[in-house]
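Those protein sequence lines, which keep their order, are chains A and B.
At position 129 of the first sequence (counting the first as 1) the number is 573 in the working numbering, and the numbers step up by one without a gap.
At position 15 of the second sequence (counting the first as 1) the number is 279 in the working numbering, and the numbers step up by one without a gap.
For every residue, glycine included, the Cβ atom is placed at its ideal position computed from N, Cα and C.
Just so it is clear, the structure is predicted and the values come from calculations on it, not from any experiment.
Take a look at the structure below.
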Amino acid sequence: MLVDSPPQPRDGTTSAPPAPTAKRRTLRAAGLFASVGVLALVAVASIAVGAKPMPLGDVWHGLFHSSGTANDVLIHDVRVPRTLLGLLVGAALGLAGAVMQALTRNPLAEPGILGVNAGAAAAVVSAISFLGVNSLTGYVWFAFLGAGLVSAAVYLLGGSRAATPVRLALAGTAASAALYGYINAVQLTDSAALNQLRFWQVGSLAAADMATVAKVAPFILVGVVVALLLARPLNAMAMGDDTARALGARLTRTRVLSMVVITLLCGAATAACGPIVFIGLMVPHLVRAITGPDLRWILPYAAVLSPVLLLGSDVVGRVVTRPAELQVGIVTALIGGPVFICLVRRRRMAQL
Amino acid sequence: MQRLSAESVTLGYDQRVIAKDLSVEIPDRSFTVIVGPNACGKSTLLRALSRMLKPSEGRVLLDGQAIHSLPAKKVARTLGLLPQSSIAPDGITVGDLVARGRYPHQGLLRQWSPEDERIVQESMEATGVGGLGERYVDELSGGQRQRVWIAMALAQQTPLLLLDEPTTFLDIQHQIEVLDLCAQLHEEQGRTLVAVLHDLNQAARYASHLVAMRDGEVVAEGAPASVVTAELVERVFGVRCQVIPDPETGTPLVVPAAPRRSLVG
Ligand SMILES: Nc1ncnc2c1ncn2[C@@H]1O[C@H](COP(=O)(O)OP(=O)(O)OP(=O)(O)O)[C@@H](O)[C@H]1O
Ligand SMILES: [Mg+2]
Chain A
445 MLVDSPPQPR
455 DGTTSAPPAP
465 TAKRRTLRAA
475 GLFASVGVLA
485 LVAVASIAVG
495 AKPMPLGDVW
505 HGLFHSSGTA
515 NDVLIHDVRV
525 PRTLLGLLVG
535 AALGLAGAVM
545 QALTRNPLAE
555 PGILGVNAGA
565 AAAVVSAISF
575 LGVNSLTGYV
585 WFAFLGAGLV
595 SAAVYLLGGS
605 RAATPVRLAL
615 AGTAASAALY
625 GYINAVQLTD
635 SAALNQLRFW
645 QVGSLAAADM
655 ATVAKVAPFI
665 LVGVVVALLL
675 ARPLNAMAMG
685 DDTARALGAR
695 LTRTRVLSMV
705 VITLLCGAAT
715 AACGPIVFIG
725 LMVPHLVRAI
735 TGPDLRWILP
745 YAAVLSPVLL
755 LGSDVVGRVV
765 TRPAELQVGI
775 VTALIGGPVF
785 ICLVRRRRMA
795 QL
Chain B
265 MQRLSAESVT
275 LGYDQRVIAK
285 DLSVEIPDRS
295 FTVIVGPNAC
305 GKSTLLRALS
315 RMLKPSEGRV
325 LLDGQAIHSL
335 PAKKVARTLG
345 LLPQSSIAPD
355 GITVGDLVAR
365 GRYPHQGLLR
375 QWSPEDERIV
385 QESMEATGVG
395 GLGERYVDEL
405 SGGQRQRVWI
415 AMALAQQTPL
425 LLLDEPTTFL
435 DIQHQIEVLD
445 LCAQLHEEQG
455 RTLVAVLHDL
465 NQAARYASHL
475 VAMRDGEVVA
485 EGAPASVVTA
495 ELVERVFGVR
505 CQVIPDPETG
515 TPLVVPAAPR
525 RSLVG
């Protein structure tokens with residue numbers, strides 16, 4: 445090494461004064477820890493609270509000493525899978541949104557902008573209408589296929605190796621517009637499919653069962669791990685392509701992996717409960733206000749706080765209109781809308 | 265054999281050729297300055313030398329190997345580049361931005377260490393932004409911001425450092441500060457520096473090796489005293505001038521000819 449770096453004494457007397465940076469890091473770690481605690485509470489609430497009121501003793505019984513009472517079955521077959529799915533889908537949507545915003549350097553990027561939602565939806569619509577697929581587990585594969593195909597197409601249309609944030613976003617928007625046109629056309633000509641789709645399109649956790657959870661879990665877990673590994677290269681890319689390359693980041697690989705992650709996360713989440721768009725847009729913004737622009741913090745925070753919002757909204761949806769339920773996609777939009785407007789009005793949110 | 269050189273490279277964007285059959289050697293431990301008129305291909309050459317741009321013909325050699333065949337991070341530990349323009353992520357602090365210069369030294373198994381912390385602090389102090397660590401980059405002046413970017417490049421700790429117009433946007437005091445810093449890195453730490461500069465007199469003062477470009481070609485190279493002549497300035501920039509010895513340093517000083525009355529009036 446040509447640079448002079450005299451060995452530092454290990455006792456720490458000459459080290460730089462403990463900068464507020466260190467303090468901030470501790471704060472962020474504490475905040476993340478607290479967020480996990482909140483998530484645990486919300487998960488418990490999601491199991492304990494429902495359209496059908498249930499004493500806590502029954503909840504405990506259903507979870508740990510299940511003997512097949514009506515309430516035990518409700519806990520086992522409905523609320524636990526619903527909660528698990530909420531955790532998975534929430535984390536997936538939040539992470540996908542955060543990765544998209546970093547990838548496109550576009551603060552409004554969301555599963556809609558890169559066309560992933562539209563791709564998943566178009567594939568599901570086709571499957572229902574033309575192939576007669578009517579089970580939720582059947583949707584998964586089609587939604588996934590659609591999301592994957594559209595992600596790849598958007599990447600190619602966006603200029604592949606020469607992809608820029610603007611070109612990617614434009615390609616995604618164009619693809620979404622075309623695909624939603626197709627979806628509407630199919631729905632208009634096939635009223636039987638329309639009924640089935642209406643529910644799915646709003647976004648709901650109500651139909652969750654263990655089979656769905658088991659089907660989407662592997663995709664989402666792989667997506668979560670890869671997304672977290674992308675934090676540092678995405679950090680480098682936030683400073684412009686040349687600077688990122690100068691730092692040794694591999695742009696094409698990072699872009700392709702990001703698209704794969706987005707496809708995995710959005711495809712699986714959208715397949716399981718329809719497009720719940722708002723979380724992927726809003727949570728990363730909320731998180732950025734807490735953590736600043738460092739993706740090594742943004743991504744884990746988003747993965748923890750998104751399911752808090754999703755599950756929280758789901759619980760709210762179950763109680764406000766008892767005994768009926770409000771779909772979670774509607775609740776997140778109702779809760780999230782005003783929050784999001786506040787955020788957008790803040791100066792720092794204007795750009796990434 | 266020099267550590268960094270371009271061997272008859274052809275450079276361009278899409279189909280447009282900017283430079284053809286261009287060969288440049290960067291002398292080891294030199295402070296090489298590239299001068300030339302706007303759009304003559306200085307940044308393009310720098311991008312090729314730093315692996316940003318792949319030559320359509322010929323190759324760039326780093327330590328005897330084709331730079332495009334080397335792993336990205338390995339190159340980034342040897343050679344740093346300060347591009348002509350970079351984007352500061354919104355809401356990033358100076359300390360965090362400079363810390364990102366440590367990227368090529370980190371990996372899955374090698375995360376942030378006190379050593380990194382120390383290097384970041386040193387880099388900030390070297391560029392005179394040591395006290396700005398907690399400030400937001402987007403709230404700094406252009407000159408402060410430029411020094412923050414240089415600090416980031418320094419934190420990369422590369423023996424070779426390429427700077428594209430590091431003094432643009434700086435007032436004369438900060439220009440001199442940045443150039444003194446470069447000279448210090450070059451002389452005291454033995455780093456090889458390559459910088460694009462627009463001020464010929466500064467180039468002549470600070471460079472140990474000067475490369476003059478025009479229309480994608482190297483017109484002259486060598487010690488500033490032999491390169492900077494009235495004929496060359498006229499040939500490269502189309503400006504008539506006198507070259508006199510710099511009263512401070514004895515290096516060539518370019519004094520442009522006074523405008524002819526007929527042109528002004
Ligand atoms: N990304 C690009 N795509 C297409 N053409 C480009 C690109 N970058 C530069 N060029 C063109 O290449 C030529 C050389 O540009 P370059 O940036 O190397 O000039 P330069 O010598 O650095 O000029 P300046 O002093 O203005 O920075 C110019 O004609 C420019 O228009
Ligand atoms: Mg240039």
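I'd like to confirm something about residue 420/B: is its beta-carbon nearer than 8 Å to some heavy atom of ligand 2, or not? no
Measure the beta-carbon distance from residue 709/A to residue 667/A and round it to whole angstroms, keeping in mind my assumption that it falls under 8 Å. Their Cβ separation, rounded to whole angstroms, is 4 Å, which keeps residue 709/A and residue 667/A in contact under 8 Å.
Contact list for residue 367/B against chain A, beta-carbon separation under 9 Å: 676, 677, 679, 680, 688, 691, 692 and 693
Excluding the five sequence neighbours on either side, which residues of its own chain have a C-beta within less than 7 Å of the C-beta of residue 603/A, listed in chain order? 611
From residue 461/A to residue 688/A, what distance separates their C-alpha atoms? With a pLDDT of 43 at residue 461/A, under the threshold of 50, the modelled position of this residue cannot be trusted; read the value that follows with caution. Rounded to whole angstroms, residue 461/A to residue 688/A spans 30 Å at the Cα level.
Could you check whether the stretch 683–699 of chain A touches the stretch 495–512 of chain A, counting it as contact only if at least three pairs of C-beta atoms, one from each stretch, sit closer than 8 Å? no
In whole angstroms, what is the alpha-carbon distance linking residue 560/A and residue 626/A? 15 Å
I need the straight-line Cα distance from residue 343/B to residue 450/B, nearest angstrom please. 14 Å
Specify which residues have a beta carbon nearer than 5 Å to any heavy atom of ligand 1, listing them in chain order. 277/B, 282/B, 302/B, 303/B, 304/B, 305/B, 306/B, 307/B and 308/B
Can you pull the chain B residues whose beta carbon is under 7 Å from the beta carbon of residue 737/A, in chain order? 353, 354, 355 and 356
Within 8 Å: the Cβ of residue 258/B and any heavy atom of ligand 2? Any question about residue 258/B goes unanswered here, given that chain B covers just 265 to 529.
Am I right that residue 510/A and residue 748/A are in contact with their C-beta atoms under 8 Å? What's the rounded C-beta distance? In fact, because the Cβ distance is near 29 Å, the residues do not count as touching under 8 Å.
Nearest candidate by alpha-carbon position, reference residue 369/B, set 326/B, 337/B and 522/B: 337/B
Rounded to a whole number of angstroms, what is the C-alpha to C-alpha distance between residue 437/A and residue 538/A? Nothing about residue 437/A can be reported from this structure: the residues present for chain A run from 445 to 796 only.
Taking 8 Å as the threshold, find out whether the stretch 475–490 of chain B comes into contact with the stretch 270–288 of chain B through three or more Cβ pairs. yes
For residue 388/B, does the count of other Cβ atoms within 10 angstroms reach 16, so buried, or fall short, so exposed? buried
Just the Cα atoms here: how many angstroms apart are residue 406/B and residue 752/A? 41 Å
Tell me whether residue 460/B counts as near ligand 4, meaning its Cβ is closer than 8 Å to at least one heavy atom of that ligand. Annotation note on ligand 4: not contained in the displayed structure, which lists ligand 1 and ligand 2 as its ligands.
If you compare alpha carbons, which of 628/A, 730/A, 756/A and 777/A is closest to residue 492/A? 756/A
For chain B, check one thing: does any of its Cβ atoms lie closer than 9 Å to the Cβ of residue 703/A? no
Examine ligand 2 and report whether any of its heavy atoms sits within less than 8 Å of the Cβ of residue 348/B. Yes, the beta carbon of residue 348/B sits closer than 8 Å to at least one heavy atom of ligand 2.
Along the chain, which unbroken stretches of the alpha helix (DSSP H) at least 4 residues long are found entirely within the stretch 303–368 of chain B? Counting only runs of 4 or more residues that sit fully inside the stretch 303–368 of chain B, the alpha helix (DSSP H) segments are 306–313, 336–342 and 358–363, in chain order.
Since residue 703/A and residue 599/A should fall inside the 8 Å C-beta cutoff, what is the C-beta to C-beta distance between them, to a whole number of angstroms? Going by Cβ atoms, the distance from residue 703/A to residue 599/A rounds to 5 Å, so yes, they are a contact pair.
Just to confirm before moving on: does the CB-CB distance between residue 680/A and residue 661/A stay below 9 Å? no
With a threshold of 9 Å between beta-carbons, can residue 528/A be considered close to chain B, or not? no
Would you grab the beta carbon distance between residue 588/A and residue 571/A for me? Rounded to a whole angstrom, and I think it's under 8 Å. Not quite, the Cβ-Cβ distance comes to about 11 Å (not below 8 Å), so this is no contact.
Please determine whether the Cβ atom of residue 429/B lies at a distance below 8 Å from any heavy atom of ligand 2. yes
Partners in chain B for residue 603/A, counting only beta-carbon separations shorter than 9 Å: Here the premise fails: no neighbours, minimum Cβ distance about 12 Å.
Would you say residue 549/A lies against chain B (beta-carbon separation less than 9 Å)? yes
So, helix, strand or coil for residue 472/B, using DSSP? coil
For residue 269/B, which beta-bridge partners are listed by DSSP? 289/B and 325/B
Three-state secondary structure (DSSP) at residue 510/B? Residue 510/B falls in the coil class under three-state DSSP.
Would DSSP call residue 477/B helix, strand or coil? In this structure, residue 477/B counts as strand in the three-state DSSP scheme.
Please list, in chain order, all residues of the same chain as residue 457/B whose beta carbon is under 6 Å from its beta carbon, the five residues on each side excluded. 295, 425, 446 and 450
Counting beta carbon pairs with one atom in the stretch 298–308 of chain B and one in the stretch 459–474 of chain B, are three or more of them shorter than 8 Å? yes
Hey, could you find the ends of the alpha helix (DSSP H) residue 459/B is sitting in? Premise fails: residue 459/B lies in the beta strand (DSSP E), 456–460, not in any alpha helix (DSSP H).
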